[in-house]
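J.: My questions all concern the structure below.
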Amino acid sequence: MDYIRLADILFPDVTASPEDMEKMFPERSLPEGACVTRIGPSPTGFVHLGNLYNALIGERIAHQSGGVFYLRIEDTDNKREVEGAVETVINAMNYFGVHFDEGAVSDGDNGNYGPYRQRQRKDIYHVFAKHLVQRGLAYPCFLTAEEIDALREQQTAAKENPGIYGKYAKYRETSIEEVQQLLDSGKEWVLRYRGTETDEYISVNDAIRGKVEMPRNNMDFVLLKSDGIPTYHFAHVVDDHLMRSTHVIRGEEWLSSLSMHVELFNALGWQQPIYCHTATLMKIDEETGGKRKLSKRKDPELALSYYQQEGISPDAIWEFLLTILNSNYEEWRLADQESDYRDFPYSLSKMSISGALVDLDKLRDISKNVIGRMPAETIYKEWLNWCDEYSKDFAELIRKYPERTVAALNVGRMAAKPRKDLETWKQACDFMSFYYDETFKISDEMPAECDEASRKQFFAEYLASYDHSDDSAAWFDKVKALTEKLGFAVKPKDFKKNPDQFKGSIVHITNMLRIALTGHANAPDIHEVSHVLGEDIVRARLAKWC
RNA sequence: GGCCCGUUGGUCAAGCGGUUAAGACACCGGCCUCUCACGCCGGUAACACCAGUUCGAUUCUGGUACGGGUCACCA
Numbered sequence: 001m002d003y004i005r006l007a008d009i010l011f012p013d014v015t016a017s018p019e020d021m022e023k024m025f026p027e028r029s030l031p032e033g034a035c036v037t038r039i040g041p042s043p044t045g046f047v048h049l050g051n052l053y054n055a056l057i058g059e060r061i062a063h064q065s066g067g068v069f070y071l072r073i074e075d076t077d078n079k080r081e082v083e084g085a086v087e088t089v090i091n092a093m094n095y096f097g098v099h100f101d102e103g104a105v106s107d108g109d110n111g112n113y114g115p116y117r118q119r120q121r122k123d124i125y126h127v128f129a130k131h132l133v134q135r136g137l138a139y140p141c142f143l144t145a146e147e148i149d150a151l152r153e154q155q156t157a158a159k160e161n162p163g164i165y166g167k168y169a170k171y172r173e174t175s176i177e178e179v180q181q182l183l184d185s186g187k188e189w190v191l192r193y194r195g196t197e198t199d200e201y202i203s204v205n206d207a208i209r210g211k212v213e214m215p216r217n218n219m220d221f222v223l224l225k226s227d228g229i230p231t232y233h234f235a236h237v238v239d240d241h242l243m244r245s246t247h248v249i250r251g252e253e254w255l256s257s258l259s260m261h262v263e264l265f266n267a268l269g270w271q272q273p274i275y276c277h278t279a280t281l282m283k284i285d286e287e288t289g290g291k292r293k294l295s296k297r298k299d300p301e302l303a304l305s306y307y308q309q310e311g312i313s314p315d316a317i318w319e320f321l322l323t324i325l326n327s328n329y330e331e332w333r334l335a336d337q338e339s340d341y342r343d344f345p346y347s348l349s350k351m352s353i354s355g356a357l358v359d360l361d362k363l364r365d366i367s368k369n370v371i372g373r374m375p376a377e378t379i380y381k382e383w384l385n386w387c388d389e390y391s392k393d394f395a396e397l398i399r400k401y402p403e404r405t406v407a408a409l410n411v412g413r414m415a416a417k418p419r420k421d422l423e424t425w426k427q428a429c430d431f432m433s434f435y436y437d438e439t440f441k442i443s444d445e446m447p448a449e450c451d452e453a454s455r456k457q458f459f460a461e462y463l464a465s466y467d468h469s470d471d472s473a474a475w476f477d478k479v480k481a482l483t484e485k486l487g488f489a490v491k492p493k494d495f496k497k498n499p500d501q502f503k504g505s506i507v508h509i510t511n512m513l514r515i516a517l518t519g520h521a522n523a524p525d526i527h528e529v530s531h532v533l534g535e536d537i538v539r540a541r542l543a544k545w546c
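Heads up, the first sequence is in our numbering, so the first residue is 1 and it goes up one at a time.
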């Protein structure tokens, strides 16, 4: 068969050669050991944790090695494409602090290895498609969807592997005349790779999993779809070669199509990148109690937007993913509280290969510590940023009282063992609400031990003797004196031992004070809070109880 | 069903032939204390199963079970 002629019939417009492509996209001149990585999201408008998870690995190993990290949009499936999805991906990655050195940007491309949108690379793929046809490694296939369905049914019934291969590859040996005829009649066709029937095994050294073995590809899989756009498999091989990726980081669901990719790299005579197949993120299914893959429909926490809405800071997400990704991260963080997480030496070999469960409790804990490490000014800024987007009323409040807010954020944080009250920005709005009259409300009941008479007496006398300039010790001495005067135990233990001799203990008294001041039985130090609020507010809030 | 991947406490995980089988989160006690938090001390809790190799297996090999993935002109 004259494959050269067949190639010309199929791709009459392709004049460039593979060598031209190699010249157009030369090897990158990078320092020894530099990694070139990428993420290749498809623009479906939904960015999930798994995307970020893989992005983070790529970003780390690229930037840690002085390499390049880029964004490639895998838009070969026009059916799934959603308007504005590219923007969504870029914004999400930007929000979470993942920066690209090159690749697609919202209004075009940035870099010398583009275009970075696969649909715009059609001509490039066709050069290699034609080349494969010329060498007899690819052929046009005119099978319709119905024919393929019927074949699959027949194969399944006969307990054979479904698919187009060997004797089932109907159009493998179609003559040029027949092809020409079919083409002329306007019949749709796809370009298929010509698989070899073999019982060979291939072996790939995965950077995360080690040696992975599987049967060599024998399928006539699709290279170009009927619209001339490549499938993922073909696009991946061409792109990662031409864009000079050194490492391909992707989910383990790709493991099963690895044999096709190996086949193509070999057929084209290219060196394979280093594959890194990551574990799938899982969660516990509430209904069955079993582990399962996170699902877009059932699990809101899969969407990155969930974390934005909850107000979990990007740093917390990073730390969370880093602890899942590298088992020694927590240890490193424990030993070094100050360093940026980017200083952590990330390693592919330390990665877990079984699916990790997304544990929101753990995330909250990490978030609490991350915020705990931030200076109050940083918290103010980031929290305000979040409020501007998700809680406009609160943003207004914070802006109205900037000094008070920063002071409030510092309550209990100057001590040797600082408080960690804030978990998320959303929770912060709730927690901090008592610092502002606009949002202040009494949420807890006054302790039952304090009857109305002693309550009135307490607040009256407390206010009468209140000196805003008292230091903590002087203030507390006054509270103690009042406590005793009202017939309450100054030492909680005394009350515990002899509950009959007292109306209650100082715990009840201070709780009463705390509720009047903050609305909650649980709140930070009363003396500190009083000073953040200022004398006027303190007096006003307490006066209501006299 | 074929092919692949996986399996250490509730969760995340160290471990890489001999360990009292780390640590973190969660949970439960206790201490500290004006509440809550923080912090500290302590506790409950694990090598899926069965063979084999070995003086000795959580660690190596095989099988079973269970979980996951994939078998598209989707990525």
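Think of the CB as a built atom: it goes at the ideal place given N, C-alpha and C, for glycine as much as any other residue.
Can you give the Cα-Cα distance for residue 103 and residue 328, rounded to whole angstroms?
T.: The alpha-carbon atoms of residue 103 and residue 328 are separated by roughly 32 Å.
J.: Here's a check: name, in chain order, each residue in its chain whose Cβ is nearer than 6 Å to the Cβ of residue 288, leaving out the five neighbours to either side.
T.: A caution first: residue 288 carries a pLDDT of 49, below 50, which makes its placement in the model too unreliable to give a value.
J.: Let's test the definition: count the other Cβ atoms within 10 Å of the Cβ of residue 82 and tell me whether it reaches 16, buried, or not, exposed.
T.: Label assigned to residue 82: exposed.
J.: Given that a residue counts as buried once 16 or more other Cβ atoms are within 10 Å of its Cβ, and exposed if not, what is residue 54?
T.: Result: buried.
J.: Where do the N-terminal and C-terminal ends of the beta strand (DSSP E) with residue 136 fall, by residue?
T.: Note, residue 136: premise wrong, no beta strand (DSSP E); not H, not E.
J.: Starting from residue 33 and walking both ways along the beta strand (DSSP E), at which residues does that stretch end?
T.: Per DSSP, residue 33 belongs to no beta strand (DSSP E) and is neither H nor E.
J.: For the beta strand (DSSP E) that contains residue 104, what are its first and last residues?
T.: Here the beta strand (DSSP E) through residue 104 covers 102 to 105.
J.: Looking at the secondary structure, which residues open and close the alpha helix (DSSP H) in which residue 274 lies?
T.: Careful: residue 274 lies outside any alpha helix (DSSP H), inside the beta strand (DSSP E) at 274 to 278.
J.: Would you check if the distance between the CB atom of residue 226 and the CB atom of residue 188 is smaller than 8 Å?
T.: Yes.
J.: Any chance you could list the beta strand (DSSP E) runs of at least 3 consecutive residues sitting entirely within the region 194 to 268, in chain order?
T.: DSSP runs (the beta strand (DSSP E)) wholly in the region 194 to 268: 201 to 206, 210 to 215, 222 to 224, 247 to 251.
J.: Relative to the C-alpha of residue 196, which residue among 219, 380, 143, 465 is closest?
T.: Closest by alpha carbon: 219.
J.: So does the region 492 to 509 actually touch the region 414 to 428, counting three or more Cβ pairs closer than 8 Å?
T.: No, because fewer than three Cβ pairs between the region 492 to 509 and the region 414 to 428 fall closer than 8 Å, the two stretches do not touch.
J.: Quick check on DSSP: helix, strand or coil for residue 513?
T.: Note: residue 513 maps to helix in three-state DSSP.
J.: Report back the beta-carbon spacing between residue 7 and residue 35 to the nearest angstrom; my notes put them in contact at under 8 Å.
T.: Contact doesn't hold; Cβ gap of about 36 Å is too wide.
J.: Measuring alpha carbon to alpha carbon, tell me which of 154, 478, 426 ends up nearest residue 392.
T.: Closest option to residue 392, Cα to Cα, is 426.
J.: Can you name, in chain order, every residue of its own chain whose Cβ lies under 6 Å from the Cβ of residue 524, other than the five neighbours on each side?
T.: Hits under 6 Å: 411, 412.
J.: Residue 314 and residue 95 look like a contact to me (Cβ under 8 Å); what is the Cβ gap, rounded to whole Å?
T.: Right, the Cβ-Cβ distance comes to about 6 Å (below 8 Å), so this counts as a contact.
J.: Which of the three DSSP states, helix, strand or coil, is assigned to residue 171?
T.: Of the three classes helix, strand and coil, the one that applies to residue 171 here is coil, per DSSP.
J.: Find the nearest neighbour of residue 243 within the set 131, 464, 38, 203, judged by alpha-carbon distance.
T.: Nearest of 131, 464, 38, 203 to residue 243, Cα basis: 38.
J.: Once you ignore the five residues that flank residue 126 on each side, which residues in its own chain have a CB closer than 6 Å to its CB?
T.: These residues qualify, in order along the chain: 11, 14.
J.: Return the chain-ordered list of same chain residues with a C-beta closer than 6 Å to the C-beta of residue 171, the five sequence neighbours on each side being excluded.
T.: Same-chain partners within the cutoff: 141, 142.
J.: Within 10 Å of its beta-carbon, does residue 233 have 16 or more other beta-carbons around it, so buried, or fewer, so exposed?
T.: Label assigned to residue 233: buried.
J.: Express the C-alpha separation of residue 186 and residue 153 in angstroms, rounding to a whole number.
T.: Each residue's alpha carbon lies about 27 Å from the other.
J.: Suppose you measure from the CA of residue 149 to the CA of residue 222; what does that come to, to the nearest Å?
T.: C-alpha separation (whole angstroms): 15 Å.
J.: Please list, in chain order, all residues of the same chain as residue 541 whose beta carbon is under 7 Å from its beta carbon, the five residues on each side excluded.
T.: Cβ within range, chain order: 516, 517.
J.: Any idea what DSSP makes of residue 20, helix, strand or coil?
T.: Residue 20: helix per DSSP, three-state reduction.
J.: Tell me, please, which residues DSSP counts as bridged to residue 324.
T.: Its beta-bridge partners do not exist; DSSP assigns none.
J.: Kindly provide the ranges of any alpha helix (DSSP H) runs that are 4 or more residues long and lie completely inside the region 398 to 460, ordered along the chain.
T.: Listed in chain order, the complete alpha helix (DSSP H) runs (minimum 4 residues) inside the region 398 to 460 are 402 to 409, 425 to 431.
J.: Counting beta carbon pairs with one atom in the region 266 to 273 and one in the region 42 to 61, are three or more of them shorter than 8 Å?
T.: No, the region 42 to 61 is not in contact with the region 266 to 273.
J.: In this structure, how does DSSP classify residue 359 when only helix, strand and coil are distinguished?
T.: Coil, per DSSP.
J.: Spatial neighbours of residue 480 within its chain, please: C-beta separation below 6 Å, excluding the five flanking residues on both sides.
T.: Counting only Cβ-Cβ distances below 6 Å, and skipping sequence neighbours, we find 490.
J.: On the three-state DSSP scale, how would you describe residue 109?
T.: Looking at residue 109 - three-state DSSP - the assignment turns out to be strand.
J.: Is the CB-CB distance between residue 386 and residue 455 below 8 Å?
T.: Contact: no.
J.: With a threshold of 6 Å on Cβ separation, who are the neighbours of residue 595 within its own chain once the five nearest residues in sequence on each side are excluded?
T.: Residue 595 lies beyond the stretch modelled for the chain, which goes from 1 to 546, so this question has no answer here.
J.: Near residue 165, which residues of its chain fall below 8 Å by C-beta distance, leaving aside the five closest residues on each side in sequence?
T.: Cβ neighbours of residue 165 beyond the five flanking positions: 195, 197, 218, 219, 220.
J.: With DSSP run on the structure shown, which of helix, strand or coil describes residue 281?
T.: Coil.
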